[in-house]
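Quick note, the sequences are listed as chains D and Z, same order.
Numbering-wise (numbering that gives the first Met the number 0), the first sequence opens with residue 0 and increments by one.
Numbering-wise (numbering that gives the first Met the number 0), the second sequence opens with residue 0 and increments by one.
The beta-carbon is built from N, C-alpha and C at its ideal position, and this holds for glycine as well.
Predicted model only: the values in this text are computed from it and were never measured.
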Amino acid sequence: MSRFLSFRRLFSIIAKEAVQMRRDRITFAMMLGVPLMQLFLFGFAINSDPKGLPAALVATPEDRFARAMVSALEVTGYYRFTHPYVSAAEGEALITRGEVSFVVTLPTDFGAKVLRGDSPQILIEADASDPAVASGAISTLGTLARQALTREAGTEAETQAQQARQVDVVVHRRYNPEGITQYNIVPGLLGVILQMTMVMMTAMALTRETERGTMENLLSMPVTPIEVMLGKVLPYFVVGAVQVLVVLTAAKLLFGVPFVGSLGLLLLGVLIFVMALVVLGYVFSTLARTQMQAMQLTFFFFLPSIMLSGFMFPFRGMPTWAQWIGEALPLTHFLRLVRAVMLKGAGVTDVAQPLIILTGFALAFSALALSRFRQTLD
Amino acid sequence: MSAPPAITVTDLVKVYGSRTVVDHVSMEVAPGEIVGFLGPNGSGKTTTIRMMCGLLTPDGGSGKVLGHDILRAQRAIKREVGYMTQRFSFYEDLTIEENLRFVAGVYGLEKGAVAQALADLGLTSRKHQLAGALSGGWKQRLALAACIMHRPKLLMLDEPTAGVDPKARRDFWDEIHERAAEGLTVLVSTHYMDEAERCHRINYISYGRLISHGTVAEVVAHAGLTTVILRGGDIVAAQKRLRGQPGVDQVAPYGTDLHVIGANGAALRRAAEAVAAETGARLIPAETGLEDVFIQLMGAAQDNMS
Chain D
0 MSRFLSFRRL FSIIAKEAVQ MRRDRITFAM MLGVPLMQLF LFGFAINSDP
50 KGLPAALVAT PEDRFARAMV SALEVTGYYR FTHPYVSAAE GEALITRGEV
100 SFVVTLPTDF GAKVLRGDSP QILIEADASD PAVASGAIST LGTLARQALT
150 REAGTEAETQ AQQARQVDVV VHRRYNPEGI TQYNIVPGLL GVILQMTMVM
200 MTAMALTRET ERGTMENLLS MPVTPIEVML GKVLPYFVVG AVQVLVVLTA
250 AKLLFGVPFV GSLGLLLLGV LIFVMALVVL GYVFSTLART QMQAMQLTFF
300 FFLPSIMLSG FMFPFRGMPT WAQWIGEALP LTHFLRLVRA VMLKGAGVTD
350 VAQPLIILTG FALAFSALAL SRFRQTLD
Chain Z
0 MSAPPAITVT DLVKVYGSRT VVDHVSMEVA PGEIVGFLGP NGSGKTTTIR
50 MMCGLLTPDG GSGKVLGHDI LRAQRAIKRE VGYMTQRFSF YEDLTIEENL
100 RFVAGVYGLE KGAVAQALAD LGLTSRKHQL AGALSGGWKQ RLALAACIMH
150 RPKLLMLDEP TAGVDPKARR DFWDEIHERA AEGLTVLVST HYMDEAERCH
200 RINYISYGRL ISHGTVAEVV AHAGLTTVIL RGGDIVAAQK RLRGQPGVDQ
250 VAPYGTDLHV IGANGAALRR AAEAVAAETG ARLIPAETGL EDVFIQLMGA
300 AQDNMS
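Now the structure itself:
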């Protein structure tokens, strides 16, 4: 029996925590309910590349070029002309009321200009109050309009020359050719779900004892800090394992997210990430005096984690200072790992960096937790 | 007694911010003794006990508990001391058996210990009941059983009988005396005078200072108080008249009697005789009770503080 770690004592604490976890029905339900709900919300409801958005067309119906434009736009899948051939005033009213996301305006002399070889203008007003709505739809527009008009007007020499001068940009959407949001979101959700539940549950670990007055009793017994810490966090590994199973199964069966990498490597990453999280939660519980404070600390940490980790918004799109904060969050590194392994089939050497950084987090948090744990009530 | 003392502490000090909660408290407890630790609320009893069982680090002073230094050997102390907290601090969401099993595991006790403790408690049939569902008296019995399961040599009880009915209190004290007879040393803090009188010796602490100690008789004698009883007549008028008279420190009605207590015996008797004659009461000399002594000590300590 070692001085600092007795397995008998450790198992006693684990057994006690496990029973308490099981008896606390609501918390127990939360542990499975939260991942399922998040999977459902993020997986089914959220789409950062929305299609089939309602649009209005301001043009004269007789214009054959206008008809060509409309069909070309509809083919992209982004536009759905719910209000074709309205007046400019009507178009304005529709976008203001939010009934359409776009108003496409073709000037009355549009056809004439095309035939004359002048460069006609198309006005597309997008409701950019939500930038995500507008971006995809607008980006497809430039080449599309040109092609549609060329087809309609016949291949004139001038236009051909113009097209020849243009640089032909080939875009490969690798790893996710169709740009399906779920492919990015669902693996990321694995990290977010673990982040939320693991930290929150373990942040309660010590504060619950303090609040219920059982801390005094626990401290009056010959338990060591490392036994208390391990005894309190290890049961959550089982919870984490269940969550991982739920998310991975859902990713495969519900969302059809490809899994090209090694499952073993992913699980290794998950293990290290969970270790860092539960110990971080435990650090919170040494800082907070009440369960309420522990919750607040958890959310204080959770918010930057989902915003700055690259889960919701592209990491490289953030200003440098925000990227630095992001680098300091375990979730950022875990997301790189999980996306690399699941979507790109990355091997150990490819994800060595996030693995090492996550291990560093786990060790640093453990050291902090053990130094923070008070063996007395002082 | 030649055996080394179970507790010897000298000049224990604990300061919280600008408040000195425990102010140079020294105490000695011999093995096998039941020592009462008395004092009003917030007088520093709990803090002193926590310092002695390794739960708080003293800001000053030194001492040994069961031969272990209270500043350095806190883990050794925790292994050999049983400490029962003021509030029930076992797990209410665990069953009786699970609580005991947890304690047995932490102290590394052999397999039979839990079953034995359950049998001793008479709770074998209810072992699957949640501890939180137990009544106050049963909670206290469970806590005591859990605290002595690892056969400590010293038991520290912090107001163990608060909120427990008289019958359960009686049983509890019988158990404590039985254990003491087997050699267990007990330090128990309490408010109740009848409980103080069941201790071999008592220590009285007020505002962090140890004010009086010894056997009950010694403490009462040491206080040097005189008590007279006024019986009959107009008690309400007598009480009003006696308040603030020279020599009268306490006036307390007990039913139709009026207890009058003071440190200056001669002055007290003079005042009491005069009032008794006016209100038509009889004057009866009486023994001073422990409670009267404590109330006197409390008042004196308060005067010293201000």
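Compare the beta carbon distance of GLY231 (chain Z) and ALA270 (chain Z) with 8 Å and say whether it is the shorter of the two.
No Cβ-Cβ contact shorter than 8 Å links GLY231 (chain Z) with ALA270 (chain Z).
Kindly indicate the opening and closing residues of the beta strand (DSSP E) around ALA54 (chain D).
Note, ALA54 (chain D): beta strand (DSSP E), 52-57.
Hey, ARG306 (chain Z) and PRO221 (chain D) are a contact pair by Cβ (cut 8 Å); roughly how many whole angstroms apart?
Lying before the first or after the last residue shown, residue 306 (chain Z) is absent from chain Z, which here runs from 0 to 305.
DSSP three-state call for ARG269 (chain Z): helix, strand or coil?
DSSP, read as helix, strand or coil, puts ARG269 (chain Z) in helix.
Between which two residues does the beta strand (DSSP E) holding PRO284 (chain Z) run?
Unbroken beta strand (DSSP E) run through PRO284 (chain Z): 281-285.
Of the residues that make up the stretch 123-153 of chain Z, which ones have a beta carbon closer than 7 Å to any beta carbon in chain D?
Look at the stretch 123-153 of chain Z: it has no residue with a C-beta under 7 Å from a C-beta of chain D.
Answer yes or no: does any C-beta atom of chain Z fall closer than 8 Å to that of LEU396 (chain D)?
Nothing about residue 396 (chain D) can be reported from this structure: the residues present for chain D run from 0 to 377 only.
What residues from chain D crowd round THR84 (chain Z), counting only those whose CB sits closer than 8 Å?
Per Cβ cutoff of 8 Å: GLY212, GLU215, ASN216 and SER219.
For GLU27 (chain Z), three-class secondary structure by DSSP
It is a strand residue.
Going by DSSP in three states, THR7 (chain Z) sits in which element: helix, strand or coil?
THR7 (chain Z) sits in a strand when the DSSP states are folded into three classes.
Just the chain D side, please: which residues come within less than 8 Å of VAL187 (chain Z) by C-beta, in chain order?
Those do not exist, as VAL187 (chain Z) stays about 16 Å from chain D at its closest Cβ, beyond 8 Å.
Evaluate the contact criterion for the stretch 263-272 of chain D versus the stretch 348-365 of chain D: three or more CB pairs, one atom per stretch, below 8 Å.
Touching, yes, given that three or more Cβ pairs across the two stretches are closer than 8 Å.
Quick check: what's the CA-CA separation for GLY243 (chain Z) versus ARG268 (chain Z)?
Answer to the nearest angstrom: the Cα atoms are 14 Å apart.
Burial state of HIS221 (chain Z), where buried means 16 or more other Cβ atoms lie within 10 Å
Exposed.
Can you tell me whether GLY190 (chain D) is helix, strand or coil according to DSSP?
Look at GLY190 (chain D) here: in three-state DSSP terms it is helix.
Mapping the DSSP letters down to three states, classify PRO245 (chain Z) as helix, strand or coil.
In the structure shown, the three-state DSSP call for PRO245 (chain Z) is coil.
From this set, D:LEU233, D:GLN322 and D:ILE356, which residue's C-alpha is nearest SER11 (chain D)'s C-alpha?
Checked all of D:LEU233, D:GLN322 and D:ILE356; the closest Cα to SER11 (chain D) is D:LEU233.
Could you please give me the residues that DSSP links to HIS82 (chain D) through a beta bridge?
DSSP, once it has assigned bridges, lists D:ALA55 as partnering HIS82 (chain D).
Segment contact flag, the stretch 285-294 of chain D with the stretch 267-275 of chain D, C-beta cutoff 8 Å, min 3 pairs
Judged by Cβ distances under 8 Å, the stretch 285-294 of chain D makes no contact with the stretch 267-275 of chain D, as fewer than three pairs qualify.
Report the three-state DSSP secondary structure of ASN175 (chain D) (helix, strand or coil).
Here ASN175 (chain D) sits in coil by DSSP.
In terms of residues, what are the limits of the beta strand (DSSP E) holding GLY82 (chain Z)?
For the sequence presented, residue 82 (chain Z) should be read as Tyr rather than Gly. Run containing TYR82 (chain Z): 80-83, per the beta strand (DSSP E) assignment.
Spatial neighbours of ASP10 (chain Z) in its chain, beta-carbon cut-off 7 Å, leaving aside the 5 residues before and after:
The beta carbon of ASP10 (chain Z) sits closer than 7 Å to those of HIS23, SER25, GLY59 and GLY60, all from its chain and outside the five residues before and after it, given in chain order.
If the cut is a Cβ gap below 9 Å, which residues of chain D does GLU18 (chain Z) touch?
Per the sequence presented here, residue 18 (chain Z) reads as Arg, with Glu not at that position. Close partners of ARG18 (chain Z) in chain D (Cβ separation under 9 Å) are lacking, with about 15 Å as the shortest Cβ gap.
Starting from GLU124 (chain D) and walking both ways along the beta strand (DSSP E), at which residues does that stretch end?
Its beta strand (DSSP E) spans residues 122-125.
Using beta carbons (cut-off 8 Å, strictly below), is VAL238 (chain D) in contact with chain Z?
Residue contact with chain Z for VAL238 (chain D): absent (no Cβ-Cβ distance below 8 Å to any residue of chain Z).
Taking the C-alpha atoms as reference points, what is the distance between LYS251 (chain D) and PHE258 (chain D)?
Distance between the alpha carbons of LYS251 (chain D) and PHE258 (chain D) is about 8 Å.
If you draw a straight line from the C-alpha of SER304 (chain D) to the C-alpha of LEU189 (chain D), how long is it?
About 13 Å.
Secondary structure of MET155 (chain Z), DSSP reduced to three states
Three-state result, MET155 (chain Z): strand.
Given 8 Å, three or more beta-carbon pairs between the stretch 94-102 of chain Z and the stretch 9-23 of chain D:
Verdict: yes, contact present.
If you measure from the beta carbon of PHE10 (chain D) to each beta carbon in chain Z, is any gap under 8 Å?
Interface residue, yes.
Would you call TRP137 (chain Z) buried or exposed, if buried means 16 or more other Cβ atoms sit within 10 Å of its Cβ?
Buried, because 16 or more other Cβ atoms sit within 10 Å of the Cβ of TRP137 (chain Z).
With 16 other Cβ atoms within 10 Å as the buried cut-off, status of ILE45 (chain D)
With fewer than 16 other Cβ atoms within 10 Å, it is exposed.
Would you please verify whether the beta carbon of LYS77 (chain Z) is less than 8 Å from any beta carbon of chain D?
Yes, its Cβ sits closer than 8 Å to a Cβ of chain D.
Does VAL379 (chain D) get closer than 8 Å to chain Z when you measure Cβ to Cβ?
What the structure shows of chain D is the stretch from 0 to 377, and residue 379 (chain D) is not part of that stretch, so it cannot be assessed.
Residues in its own chain within less than 6 Å of MET155 (chain Z) by CB, not counting five upstream and five downstream?
In chain order, ILE48, CYS52, TYR82 and LEU186 place their CB closer than 6 Å to the CB of MET155 (chain Z), counting only its own chain and leaving out the 5 sequence neighbours on each side.
Does the beta-carbon of ARG373 (chain D) have 16 or more other beta-carbons within 10 angstroms, so that it is buried, or is it exposed?
ARG373 (chain D) is exposed by the Cβ-count criterion.
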